[in-house]
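Counting from 1, position 76 in the sequence shown corresponds to residue 76 in full-length UniProt numbering; the numbering is continuous, with no gaps.
Remarks on the structure that follows.
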Amino acid sequence: VMLVSLCAGGVGLNLVGGNHLFLLDMHWNPALEDQACDRIYRVGQQKDVVIHRFVCLGTVEEKISQLQEKKKDLAKKVLSGNSATFTKLTLADLRLLFGV
Numbered sequence: 001v002m003l004v005s006l007c008a009g010g011v012g013l014n015l016v017g018g019n020h021l022f023l024l025d026m027h028w029n030p031a032l033e034d035q036a037c038d039r040i041y042r043v044g045q046q047k048d049v050v051i052h053r054f055v056c057l058g059t060v061e062e063k064i065s066q067l068q069e070k071k072k073d074l075a076k077k078v079l080s081g082n083s084a085t086f087t088k089l090t091l092a093d094l095r096l097l098f099g100v
């Protein structure tokens, strides 16, 4: 068992010894989570990898998860050329996050 924060665990580690990843802290940037997940998908991994994300209904984590999906969708559109503009975190996004 190894406990490490998302930011520390997403950089410079090769964790092929494990095959279960538990994400307990969410980040507004889905790329950071993806990078942390990629640490156990390395050359030498011989087991099936399972990633567990803990998101409680009605919490800020649920709202961050929704924002992550929105950001991933936007990134796909930008990279495919289907989106003319790139947007930043909007006031509506902040209201969604903080429930105001």
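Positions of the beta carbon are idealized from the N, C-alpha and C atoms, including for glycine.
Cα-Cα separation, residue i to residue j
| i | j | result |
| --- | --- | --- |
| LEU67 | ASP93 | 7 Å |
| GLY81 | LEU74 | 11 Å |
| ILE51 | LYS77 | 26 Å |
| GLU69 | VAL100 | 21 Å |
| VAL4 | PHE98 | 27 Å |
| GLY17 | GLN35 | 17 Å |
| LYS88 | HIS20 | 33 Å |
| VAL49 | CYS37 | 9 Å |
| ILE64 | CYS56 | 11 Å |
Beta-carbon proximity of residue i to residue j, cut-off 7 Å
| i | j | result |
| --- | --- | --- |
| ARG39 | LEU15 | yes |
Limits of the unbroken alpha helix (DSSP H) element including residue i
| i | result |
| --- | --- |
| residue 107 | Residue 107 is absent from the model: the chain starts at 1 and stops at 100. |
| CYS98 | In the sequence as displayed, the identity of residue 98 is Phe instead of Cys. 91 to 98 is the extent of the alpha helix (DSSP H) around PHE98. |
Delimiting residues of the beta strand (DSSP E) encompassing residue i
| i | result |
| --- | --- |
| VAL49 | Unbroken run through VAL49: none, as it is neither H nor E. |
Which runs of the alpha helix (DSSP H) spanning at least 4 residues fall entirely within the UniProt domain "Helicase C-terminal" (2 to 44), listed in chain order?
6 to 9, 30 to 37
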